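Number of protein chains: 2
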Amino acid sequence: MPARGDHDTRRADVAEAVWRVLANHGFDGLTLRAVATEMGASTGLLTHYFATKRDLVRYAHEIAAERTDARPLRQADEPGLAALRVALVNVLPLTPEAAAMSRVWVSFWDAALGDDILSEAQRTRYENWRGRLQACVEAAQARRELTRETPAADVAVEAAAFAHGLVVQALFDPVRLPADRQLGLLENFLSGLTNRR
Amino acid sequence: MPARGDHDTRRADVAEAVWRVLANHGFDGLTLRAVATEMGASTGLLTHYFATKRDLVRYAHEIAAERTDARPLRQADEPGLAALRVALVNVLPLTPEAAAMSRVWVSFWDAALGDDILSEAQRTRYENWRGRLQACVEAAQARRELTRETPAADVAVEAAAFAHGLVVQALFDPVRLPADRQLGLLENFLSGLTNRR
DNA sequence: CTCCGTACCAAACGTTTGTTATGTACCCTA
DNA sequence: TAGGGTACATAACAAACGTTTGGTACGGAG
């Protein structure tokens, strides 16, 4: 029997179990019983904290976001282009753990396409991320590392697109896209930005 | 009762029904009964042609690939960079129909992460696509539209990444990423390639 | 010490799932 | 025109699903 904790801690425990099930068995394998087994509890515990499965999934989505944002990130030693590079490096599946995280997010993409609230959350999340990337781009422009020819907002979308597109390809072909290759491609992409007239 | 057709035609009918269910209800709503209802038939018909649901989904994946490749594509009037542009335009969710197709493919991404055969099929599909993109890049290099500084294979991965990453963002935020914005971003990306030293 | 609400387990609920079994109409061949 | 295989529909199947119910243990308030 698991130790008793306070309400929020318990919900977080559940969300983390959801995360693990998602990473190991995909969205198809995400059942209340699988989550309960994963945390060594009963389905009664789950329904005690979440009225419906959809509520559980939505909360798990929030927790996944927090967990993703709170993970140990590489820090940029300089603002501007260096910071943009680091921000993109942080989303690439360079390690097995990072790959598992990426897989979870792809699952959430699919789930979000069928759930309005999840979809909206995903949209907001993208918006925030692009905002952070845009700040890096603006700093890079101020430092004359990038020209102001292309609007910073556009560069941010482009960078986000490149990174996530690379994530998907790397998930399906890790042999052809190992960590060093991903990093090399990122450098290519960044140099494409710096030489833009 | 639907008209009787030959074996292969029938299987294709089923696969198309799978496609429609997938586009309308996502992978979560993909059940044998939903597919049967969609094509006005019974589950008995489905099991007559497919031993298991997994077989059905895998076949639907094949058909989805064929259908995607066979759709009316814009044709490039010139090889090289223009052909690359067209190839990327063809995967962007610029119309509602194209957006539905993209949603189906995101669903297949998730499904593939939990099915080895689907995963391999997805990998092969990516490889073929990158090959076609690479051919465009090589032609562009031959025409001196692009330098040979970056290997064509790398540019192909990069272009595929940009396109699919943009697809995902556009699916979640169609307001912020309407067709013309997507096309503008594509031009930015391409000009980043052309000015690369 | 008693009482009560929270926290949970164990079991069962009705529904939906993929799959299988049975029945029937049709086409082809002889 | 008789017979047999193909092509389905219908209905049943066990398993798994999300959800509900009933009960037990436990901590804190009085």
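Note that the protein sequences, when read in sequence, are chains R and V.
197 is the number that full-length UniProt numbering gives the last residue of the first sequence; the numbers go up by one with no jumps.
197 is the number that full-length UniProt numbering gives the last residue of the second sequence; the numbers go up by one with no jumps.
The beta-carbon is built from N, C-alpha and C at its ideal position, and this holds for glycine as well.
Bear in mind that the values here come from a model prediction, so they are computed numbers and not experimental data.
- Rounded to whole angstroms, the gap between the alpha carbons of H164 of chain V and Q134 of chain V is 16 Å.
- Nearest CB-CB separation between R132 of chain V and chain R: not below the 9 Å threshold.
- The three-state secondary structure of N24 of chain R, taken from DSSP, is helix.
- Considering only beta carbons, the part of the segment 81-114 of chain R lying closer than 8 Å to chain V consists of R103, V106, S107, W109, D110, A111, A112, L113, G114, in chain order.
- When the Cα atoms are used, P96 of chain R and A15 of chain R turn out to be separated by approximately 21 Å.
- Judged by DSSP secondary structure, N188 of chain V falls within the alpha helix (DSSP H) whose first and last residues are 179-194.
- With respect to chain R, the C-beta atom of V157 of chain V has a partner C-beta closer than 9 Å.
- The Cβ of G192 of chain V sits closer than 9 Å to at least one Cβ of chain R.
- In terms of beta-carbon proximity, H7 of chain R stays away from the interface with chain V, with every pair separated by 9 Å or more.
- Cα atoms of D28 of chain R and F162 of chain V: separation of roughly 28 Å, rounded to the nearest angstrom.
- Inter-segment contact for the segment 129-143 of chain R and the segment 73-83 of chain R is present: three or more beta-carbon pairs are separated by less than 8 Å.
- Contact between the segment 137-150 of chain R and the segment 166-183 of chain V is absent: fewer than three C-beta pairs spanning the two stretches fall below 8 Å.
- A residue is called buried once 16 or more other Cβ atoms fall within 10 Å of its Cβ, and N128 of chain R, having fewer, is exposed.
- With 16 or more other CB atoms across the displayed protein chains lying within 10 angstroms of its CB, S107 of chain R is buried.
- Proximity of the segment 145-158 of chain V to the segment 99-117 of chain V falls short of the contact definition, fewer than three beta-carbon pairs being nearer than 8 Å.
- Linking E187 of chain V to G131 of chain R through their CA atoms gives a straight-line distance of about 21 Å.
- Using a Cβ distance threshold of 9 Å, R58 of chain V and L113 of chain V do not count as a contacting pair.
- Look at A41 of chain R here: in three-state DSSP terms it is coil, with no helix or strand label.
- The beta carbon of V86 of chain V is closer than 8 Å to those of L73, R74, Q75, A76 in its chain, skipping five residues each way along the sequence.
- Counting along the chain, the unbroken alpha helix (DSSP H) around V57 of chain R starts and ends at 53-70.
- Residue nearest to R181 of chain V within the set R:L94, R:A153, R:D55, R:T31 is R:A153 (criterion: CA-CA distance).
- R33 of chain R and T47 of chain R do not touch by the CB rule: their CB atoms are close to 12 Å apart, not below 8 Å.
- Here the C-alpha atom of T9 of chain V lies approximately 44 Å from the C-alpha atom of T124 of chain R.
- Between the C-alpha atoms of A23 of chain R and L92 of chain V there is a straight-line separation of about 28 Å.
- Within its own chain, the residues whose Cβ lies closer than 7 Å to the Cβ of A60 of chain V, once the five positions on either side in sequence are excluded, are A15, V18, W19, listed in chain order.
- Using a Cβ distance threshold of 9 Å, N90 of chain V and N195 of chain R do not count as a contacting pair.
- The beta carbon of A111 of chain V sits closer than 7 Å to the beta carbons of F27, V57, L118 from its chain, once the five residues preceding and following it are set aside; these are given in chain order.
- The C-beta of A70 of chain V has fewer than 16 other C-beta atoms within 10 Å across all chains shown, which makes the residue exposed.
- At a C-beta separation below 8 Å, N195 of chain V has these neighbours in chain R: G192, N195, R196, R197.
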